[in-house]
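Heads up: the first sequence begins at 1 in full-length UniProt numbering, then just goes up one per residue. Below: one structure, written as structure tokens.
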Amino acid sequence: MSWTEERVEVLKKLWAEGHSASQIAKQLGGVTRNAVIGKVHRLGLSGRATPSRPVKRPPRLARPKPRLSPDGSVPAPIKSPEETRIRRSEQHAIASALQPAPVADGEAATILTLRDSMCKWPIGDPADPKFAFCGRKSDCGPYCAEHAKVAFQPQRKRDRKNASDSEPRRIAG
DNA sequence: CCCTGATTCGC
DNA sequence: GCGAATCAGG
1 MSWTEERVEV LKKLWAEGHS ASQIAKQLGG VTRNAVIGKV HRLGLSGRAT PSRPVKRPPR
61 LARPKPRLSP DGSVPAPIKS PEETRIRRSE QHAIASALQP APVADGEAAT ILTLRDSMCK
121 WPIGDPADPK FAFCGRKSDC GPYCAEHAKV AFQPQRKRDR KNASDSEPRR IAG
């Protein structure tokens, strides 16, 4: 699809109405939100009502795009400073690898040290400053293996009152 | 993870 | 001029 006058009109209209680029793209059809954004910029109507845009990022340098060379061969494996730079997602991965668990097994994690893949079983009173989480490794769920058992335990007969205190409670202490 | 707009640059 | 890739942020 191309940017016919009609389509540009629709674009302008929807953009002015506050629709997002992806919504506009979906309505127009045949274009991606990137195409819409690109067109919006080219039309010079980029910043509509954008009060919350004190987001001035430092100028982004040339795109370190690892694309194919014009001749189709693989570009020289030279690493530009940009490529050497650690990407955000990689930082996340590295951080995870570096500190699989900031706390030893069995130790509690605070809200600050609680990471993904850590048991989020609450320990203590949430209102208590010492409130913490289990923090052990949680493989495929929010809890470690042990807590997962009790967390996802099918609802059993509720003994009236405090018949069984041996059963773990969500909120201890 | 989902999403948003912004920017760059090969085409 | 176009828009994918990428970015920065919510």
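All C-beta atoms in this analysis are idealised placements derived from N, C-alpha and C, irrespective of residue type, glycine included.
Just so you know, the alpha carbons of R7 and I123 end up roughly 57 Å apart. Around the beta carbon of L28, 16 or more other beta carbons lie within 10 angstroms, which makes this residue buried.
When DSSP reads this structure, P122 sits in a beta bridge with F133. Exclusion of the five residues before and after A132 leaves A108, A109, T110, I123, G124 as the residues of its chain whose Cβ lies within less than 7 Å of its Cβ. Per DSSP, the unbroken alpha helix (DSSP H) holding S22 starts and ends at 21–28. DSSP, read as helix, strand or coil, puts A127 in coil.
Around the CB of K39, 16 or more other CB atoms lie within 10 Å, so the residue is classed as buried. By the neighbour-count definition (other C-beta atoms within 10 Å, threshold 16), A25 is a buried residue.
In this structure, the straight-line span from the alpha carbon of C134 to that of S2 is close to 56 Å.
A16 is a Cβ neighbour of R48, given a cutoff of 8 Å.
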